[in-house]
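Asker: In our numbering, the protein residues as written are 564 to 735. In this text, a Cβ means the ideal position worked out from N, Cα and C, and glycines have one as well.
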Amino acid sequence: MASLAARTFALARIPPSRAASCRLISTTRAVRQEASPNLGSVPPAKKPVGAFRGGIVGFLFGFSLASSLAAYHLLEEYKLASAALQASVEELQTSTQKVSAHVRRIEAVEKELKALSESSATKEDISRVRSEMKKLYDGLHVEFLDLRAHVWGIQQDLHALQKKEATTVRVV
Numbered sequence: 564m565a566s567l568a569a570r571t572f573a574l575a576r577i578p579p580s581r582a583a584s585c586r587l588i589s590t591t592r593a594v595r596q597e598a599s600p601n602l603g604s605v606p607p608a609k610k611p612v613g614a615f616r617g618g619i620v621g622f623l624f625g626f627s628l629a630s631s632l633a634a635y636h637l638l639e640e641y642k643l644a645s646a647a648l649q650a651s652v653e654e655l656q657t658s659t660q661k662v663s664a665h666v667r668r669i670e671a672v673e674k675e676l677k678a679l680s681e682s683s684a685t686k687e688d689i690s691r692v693r694s695e696m697k698k699l700y701d702g703l704h705v706e707f708l709d710l711r712a713h714v715w716g717i718q719q720d721l722h723a724l725q726k727k728e729a730t731t732v733r734v735v
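As structure tokens, then:
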């Protein structure tokens with residue numbers, strides 16, 4: 564059958580004026596009948612692909628393949644960089660939360676310190692209270708000495724009375 568197709572195409576290439584004078588060599592009736600029908604118009608012959616046209620097509624194919632690979636790798640690198648940036652942003656967010664928690668603690672401590680400093684005594688207050696305590700102590704010491712002198716005087720008087728009474732008899 565392949566030889567029949569080859570003959571048919573060969574016959575189709577021959578101009579119609581010459582095709583009528585050509586005789587087909589066939590030994591069977593079926594082959595003769597198949598060769599005789601009109602096959603229609605002949606497809607135009609393909610031009611061979613030239614080096615210039617093939618070079619352009621090859622260049623365009625290679626360029627598009629290289630561009631698609633470069634775009635794929637660029638997209639992969641973009642995804643990796645985006646993931647790294649996202650991780651960095653999350654890490655920054657956690658560290659920011661930690662810093663803000665520390666700042667809140669520091670503000671609370673400063674507030675407590677301010678309250679303590681307002682309620683605590685200053686050096687001037689302490690020196691004033693110290694001088695008052697010294698005055699009170701000195702005053703108490705003077706009073707103690709006065710009281711002691713008074714008690715001593717009473718003891719002396721009592722001893723003097725006892726000596727007097729011991730020497731004199733009293734009648735009651």
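Kindly indicate which three-state DSSP category Lys726 falls into: helix, strand or coil?
Answerer: Taking the sequence shown and counting its residues from 1, the one referred to as residue 726 is at position 163. Helix at Lys726.
Asker: Pull up the distance between the alpha-carbon of Val705 and that of Leu699, whole angstroms please.
Answerer: Taking the sequence shown and counting its residues from 1, one reaches residue 705 at position 142. Taking the sequence shown and counting its residues from 1, one reaches residue 699 at position 136. Cα to Cα, the separation comes out at about 10 angstroms.
Asker: Could you give the DSSP three-state label for Lys609: helix, strand or coil?
Answerer: Locating residue 609 in the sequence shown gives position 46, counting from the first residue. Correct three-state label for Lys609: coil.
Asker: From Ala646 to Leu637, what distance separates their C-alpha atoms?
Answerer: Along the sequence shown, read from residue 1 onward, the residue named residue 646 stands at position 83. Along the sequence shown, read from residue 1 onward, the residue named residue 637 stands at position 74. Near 14 angstroms, if we compare the C-alpha coordinates of Leu637 and Ala646.
Asker: Alpha carbon to alpha carbon, how far is Tyr641 from Ser631? Give it in angstroms, no decimals.
Answerer: Working through the sequence shown from its first residue, we reach residue 631 at position 68. Working through the sequence shown from its first residue, we reach residue 641 at position 78. The alpha-carbon atoms of Ser631 and Tyr641 are separated by roughly 15 angstroms.
Asker: State the DSSP-derived secondary structure class of Gln718, mapped to helix, strand or coil.
Answerer: Taking the first residue of the sequence shown as position 1, residue 718 is located at position 155. Three-state DSSP puts Gln718 in a helix.
Asker: Where does Thr657 sit, in a helix, a strand or coil, going by DSSP?
Answerer: Within the sequence shown, the letter at position 94 stands for residue 657. In this structure, Thr657 counts as helix in the three-state DSSP scheme.
Asker: Under a three-way DSSP split, which group does Ser631 fall into?
Answerer: Stepping through the sequence shown from its first residue, residue 631 is reached at position 68. Ser631 falls in the helix class under three-state DSSP.
Asker: Express the C-alpha separation of Gln656 and Gly621 in angstroms, rounding to a whole number.
Answerer: Within the sequence shown, the letter at position 58 stands for residue 621. Within the sequence shown, the letter at position 93 stands for residue 656. Roughly 52 angstroms separates the two Cα atoms.
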